[in-house]
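Under my numbering, read the sequence shown as residues 26 to 109, first letter to last. We put the beta carbon where it would ideally sit given N, CA and C, even for glycine. Worksheet for the structure shown next.
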Amino acid sequence: MARVNCPNCEAKAVVTSREVQSTHASHLYCSCTNSKECGATFRVTLGFDHYMNPPLITTAQMAAALLKNLPREQQLELLDMNQL
Ligand SMILES: [Zn+2]
Numbered sequence: 026m027a028r029v030n031c032p033n034c035e036a037k038a039v040v041t042s043r044e045v046q047s048t049h050a051s052h053l054y055c056s057c058t059n060s061k062e063c064g065a066t067f068r069v070t071l072g073f074d075h076y077m078n079p080p081l082i083t084t085a086q087m088a089a090a091l092l093k094n095l096p097r098e099q100q101l102e103l104l105d106m107n108q109l
């Protein structure tokens with residue numbers, strides 16, 4: 026799992042609040058747990074980058090869209106293969 030470390034002393038930090046910027050990005054307000062030697066508070070940006078695997082629904086939608094573009098005969102051929 027994700028863990029935030031202090032950029033100054035690299036000790037574990039706790040997320041004290043989160044400010045949503047958009048559906049794919051948030052600012053995390055963090056506090057260093059090394060209170061004796063550091064005690065810094067800082068902000069981290071958390072953002073979506075890219076998919077390694079597209080969500081299942083997207084894959085199904087892509088398959089359906091591709092299938093629609095094929096001639097009827099080829100569509101039936103592919104569907105028949107799935108039943109084997
Ligand atoms: Zn620190």
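At a Cβ-Cβ threshold of 7 Å, His52 and Thr70 count as neighbours. In the three-state reduction of the DSSP assignment, Ala50 falls in the strand class, which pools E and B. No residue range can be given for Leu95, since it is assigned to no alpha helix (DSSP H) and is classified by DSSP as neither H nor E.
In this structure, the beta-carbon distance from Cys63 to Asn33 falls below 7 Å. A Cβ-Cβ contact shorter than 7 Å links Leu92 with Gln100.
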